[in-house]
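Remarks on the structure that follows.
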Amino acid sequence: MKALQANSTLFFLTIDAYKNNQYNYAAILDVSETEMTQCLIVDQNRNVILDTIPSMISNSCSGQWDKQSHTPVWMADIGGGKDGVNYFHYLASEQLKQLNKRDVSEIQQIVGSIDCQLSTYRKQDAAELNDSAFFLYQLGYYDASLRLLNHVIKLDPNRTVAYLNRADAYLALKNIGQARKNYMIYADQMKKLGLSNKVPLRIKNIYDLLASAEI
115 MKALQANSTL FFLTIDAYKN NQYNYAAILD VSETEMTQCL IVDQNRNVIL DTIPSMISNS
175 CSGQWDKQSH TPVWMADIGG GKDGVNYFHY LASEQLKQLN KRDVSEIQQI VGSIDCQLST
235 YRKQDAAELN DSAFFLYQLG YYDASLRLLN HVIKLDPNRT VAYLNRADAY LALKNIGQAR
295 KNYMIYADQM KKLGLSNKVP LRIKNIYDLL ASAEI
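Sequential numbering from 115 applies to the sequence shown in the working numbering.
So, in structure tokens, the structure goes:
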């Protein structure tokens with residue numbers, strides 16, 4: 115365990131970490147002089163606290179990271195480990211993937227959380243943000259999806275798939291001009307990559323329809 119900060123009132127210990135080339139998450143125990151000890155789930159790359167978990171056991175976060183998972187998943191012990199384990203995904207895209215359109219409050223909460231943290235995302239987070247935008251699109255949250263995609267492209271203008279996703283979002287919002295423009299950018303970037311044969315046929319068909327609609 116690593117002491118992060120200590121004085122007469124503050125004391126933080128890293129209880130468990132999940133770290134690879136892409137992610138750096140930690141479960142940090144806050145044993146400050148307060149009534150309740152709590153555990154902080156922190157994305158250390160972005161310096162963001164994602165969650166606060168009450169700790170019922172001294173010097174423990176009542177769980178651990180799933181080291182076998184390819185994304186950060188916290189395994190929380192239920193009843194001190196006697197009643198099983200709950201799994202908590204800490205990537206917004208993984209959370210959204212598990213929801214459907216009926217889960218309105220959960221979706222809105224995730225969107226609000228992403229919006230609050232948007233300025234902390236970096237270029238290496240563009241793929242995760244793009245995936246979140248894609249699932250929001252599938253859930254019918256076109257404005258939120260578009261907002262995230264605009265930020266993805268700001269972070270990484272060469273992320274080709276983001277232009278395709280942004281075109282789909284604009285089309286859903288009936289912005290034909292911007293949809294056509296982004297389908298064109300997507301197709302042009304795929305051509306530069308030598309991947310024109312990988313462009314879905316639906317894109318050519320949609321582009322032709324949009325072109326005729328603007329005449």
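All C-beta atoms, glycine included, are put in the ideal place defined by N, C-alpha and C. Note that the structure is predicted; figures quoted are calculated from it, not measured.
Same chain, Cβ closer than 6 Å to residue i, neighbours up to 5 away in sequence not counted
{"i": "lysine 196", "result": "Legend: pLDDT at lysine 196 = 49, less than 50; position of this residue unreliable, no value from coordinates given."}
Best match in the options for proximity to residue i [C-alpha to C-alpha]
{"i": "leucine 315", "options": "Glu220, Tyr297, Asp180 and Ser326", "result": "Tyr297"}
{"i": "lysine 288", "options": "Lys312, Ser310, Leu260 and Ala301", "result": "Leu260"}
{"i": "alanine 141", "options": "Asn135, Gln212 and Cys153", "result": "Cys153"}
{"i": "leucine 243", "options": "Thr128, Asn161, Tyr132 and Val266", "result": "Val266"}
{"i": "glutamine 238", "options": "Gln136, Ala131 and Ile155", "result": "Gln136"}
{"i": "serine 183", "options": "Arg273, Tyr132, Leu253 and Leu127", "result": "Tyr132"}
{"i": "aspartate 157", "options": "Glu220, Ser207 and Tyr235", "result": "Tyr235"}
{"i": "histidine 203", "options": "Ser219, Ile155, Lys318 and Ser174", "result": "Ile155"}
{"i": "leucine 269", "options": "Ala258, Ile320 and Ala241", "result": "Ala241"}
{"i": "leucine 164", "options": "Ile290, Gly226 and Met170", "result": "Gly226"}
Supposed close pair residue i, residue j - CB separation, criterion 8 Å
{"i": "tyrosine 256", "j": "alanine 283", "result": "5 Å"}
{"i": "isoleucine 224", "j": "leucine 205", "result": "Actually they do not touch by this definition, with Cβ atoms about 10 Å apart."}
{"i": "asparagine 214", "j": "alanine 247", "result": "Not a contact, Cβ separation roughly 17 Å."}
{"i": "leucine 262", "j": "leucine 253", "result": "So it is not a contact: roughly 13 Å between Cβ atoms."}
{"i": "alanine 159", "j": "asparagine 134", "result": "Before going further, note that residue 159 is asparagine rather than alanine in the sequence given. In fact, because the Cβ distance is near 11 Å, the residues do not count as touching under 8 Å."}
Neighbourhood of residue i by C-beta distance below 8 Å, restricted to the same chain and skipping five residues each side
{"i": "aspartate 217", "result": "none"}
{"i": "asparagine 199", "result": "At residue 199 the sequence reads valine, which differs from the asparagine that was named. If we look at valine 199 and ignore the five residues flanking it on each side, its Cβ neighbours are Gly177, Met189, Ala190, Asp191 and Ile192."}
Burial state of residue i, where buried means 16 or more other Cβ atoms lie within 10 Å
{"i": "leucine 309", "result": "exposed"}
{"i": "cysteine 230", "result": "exposed"}
{"i": "aspartate 245", "result": "buried"}
{"i": "leucine 285", "result": "buried"}
{"i": "asparagine 302", "result": "With the sequence shown as reference, residue 302 is identified as aspartate, and asparagine is not the correct amino acid for it. Aspartate 302 should be labelled exposed."}
{"i": "tyrosine 201", "result": "exposed"}
{"i": "proline 186", "result": "buried"}
{"i": "serine 172", "result": "exposed"}
{"i": "aspartate 130", "result": "buried"}
{"i": "leucine 307", "result": "exposed"}
Other residues of its chain near residue i: CB distance less than 7 Å, five sequence neighbours each side excluded
{"i": "valine 313", "result": "Ala301 and Met304"}
{"i": "alanine 120", "result": "Reliability fails at alanine 120, whose pLDDT of 38 lies under 50, so the model's placement of it is uncertain and no value is given."}
{"i": "leucine 232", "result": "His265"}
*In the stretch 151–238, which residue ranges form an unbroken beta strand (DSSP E) of at least 3 residues, counting only runs that do not cross its ends?*
If we require 3 residues or more, the beta strand (DSSP E) runs fully inside the stretch 151–238 come out as 152–157, 162–168, 177–179, 187–191 and 199–203.
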